[in-house]
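Asker:
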Amino acid sequence: MANTYSQISIHAVFAVKGRENFIIAPWQDQLHRYLSGIITSNGATSLAVGGWKDHVHIFFGMPVTTCLSDFMSIVKASSSKWINEQQFIKGKFQWQSGYGHFLIPKAKEMALLIILWVSRSITGSGLSKKSI
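Under the working numbering, the first residue of the sequence shown carries the number 174, and numbering increases by one thereafter.
This is the structure in structure tokens:
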């Protein structure tokens, strides 16, 4: 697909299993940076990564060579494995099954970035510094 051009921006949201408040400040920014790295290393463009104690938002440019469900499986599996290896919580960390995803038109990308940035200001969480 060398001559294929695609610009698809996806906003995906997924939650901690049981909506537990496990993602806490001491390691939350590390998780966001790690997620951004997973996104990039799998051929996508990381535009923003953020979230709160019980869920994560990722905003990325979708690679043309990967289907979304495979991509999200990689992101969730890799990040939960990393969280467990780091032993950030007692017991086993898991993401809830499934995710929500939304196609973001180019004209609305800045609005989404602003919303995620404002949520960081209000909650003390949100976008990773790399994404801004």
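For each residue, glycine too, the CB sits at the ideal point set by N, CA and C.
1) Within 10 angstroms of its Cβ, does F275 collect 16 or more other Cβ (buried), or is it exposed?
2) Starting from I247 and walking both ways along the alpha helix (DSSP H), at which residues does that stretch end?
3) With A217 as the anchor, note down where its beta strand (DSSP E) starts and where it stops.
4) May I have a chain-ordered list of the alpha helix (DSSP H) segments no shorter than 4 residues that lie completely inside the segment 178–217?
5) Which residue marks the beginning of the beta strand (DSSP E) containing G234, and which one marks its end?
6) Report the rounded CA-to-CA distance for N176 versus N215, giving the unit in angstroms.
7) Grouping DSSP H, G and I as helix and E and B as strand, with all else coil, what is I288?
8) Assuming G189 and D227 make a contact with CB atoms under 8 Å, what is their CB distance in whole Å?
Answerer: Straight from the coordinates:
1) exposed
2) 241–259
3) Segment: none, A217 is in no beta strand (DSSP E) and carries neither H nor E.
4) 198–214
5) Taken as a continuous stretch (DSSP letters only), the beta strand (DSSP E) holding G234 covers 228–234.
6) 20 Å
7) Helix.
8) The sequence shown places Val at residue 189, not Gly. Contact holds; Cβ gap of about 5 Å.
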